[in-house]
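Engineer: I have a structure here, written as structure tokens, and I will follow up with some questions on it.
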Amino acid sequence: MAHEIKNILFLLCIGTFAVVYYLDVRTLPEPEERNLVVLLLWGLGILLVIETSRSLIRGWRKRQEEHSSFFQDMKAWVMGKQAILLFGIIAYVIFVPIVGFFVTSFVFIVLLNYLLESRKAWELTVIPVILLILIYVLFSMFLGVELPRGFLV
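In structure tokens form, the structure reads like this:
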């Protein structure tokens, strides 16, 4: 049952981000852009409903087969790496506009590598720096997209 709870919570977070994105997209000036994003979000919504239903049905069947406590399942999930990753992504989304894209992304990538048990110094420093340089060159220089800035740029 813990696996199904994880799936449902993850799908709920994806759905929440989709709703927030939809609320932001409604202000786009071009109707084509707005309509394309709305169409994609409808498709995502349908997939989320299907996957949530499947997880609920599987969880209900497993609950009938084995007698485990909901709180034990939740405790097992919260102590796992997936919960840490999920909470980290939520924190990342919150701190990007406040702190800035580059600093927040660097810290997030370093912590994610550490969580994935990368302990070599070059994996914790060089890989995030190269990745962020590539993102800067691609989005800021070539595409002209302004990345979120905060008080630490």
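Counting from 8, one number per residue, gives the positions in the sequence shown under my numbering.
Ideal placement from N, C-alpha and C gives every residue a C-beta, glycine not left out.
If you're wondering where the values come from, they're calculated on a predicted model, not measured in any experiment.
#1: With a threshold of 16 other CB atoms inside 10 Å of the CB of residue 184, please say whether the residue is buried or exposed.
#2: For residue 66, count the other beta carbons within 10 Å of its own beta carbon; 16 or more makes it buried, fewer makes it exposed. Which is it?
#3: Does DSSP classify residue 107 as helix, strand or coil?
#4: Which of helix, strand or coil does DSSP assign to residue 126?
#5: Using three-state DSSP, classify residue 61 as helix, strand or coil.
#6: Tell me the DSSP bridge mates of residue 156?
#7: Beta-carbon within less than 8 Å of residue 118's beta-carbon, same chain only, minus the 5 sequence neighbours each way: which residues are those?
Structural biologist: On the basis of the data shown:
#1: Nothing can be reported for residue 184, as the shown portion of the chain is limited to 8 through 160.
#2: buried
#3: strand
#4: coil
#5: helix
#6: 107
#7: 95
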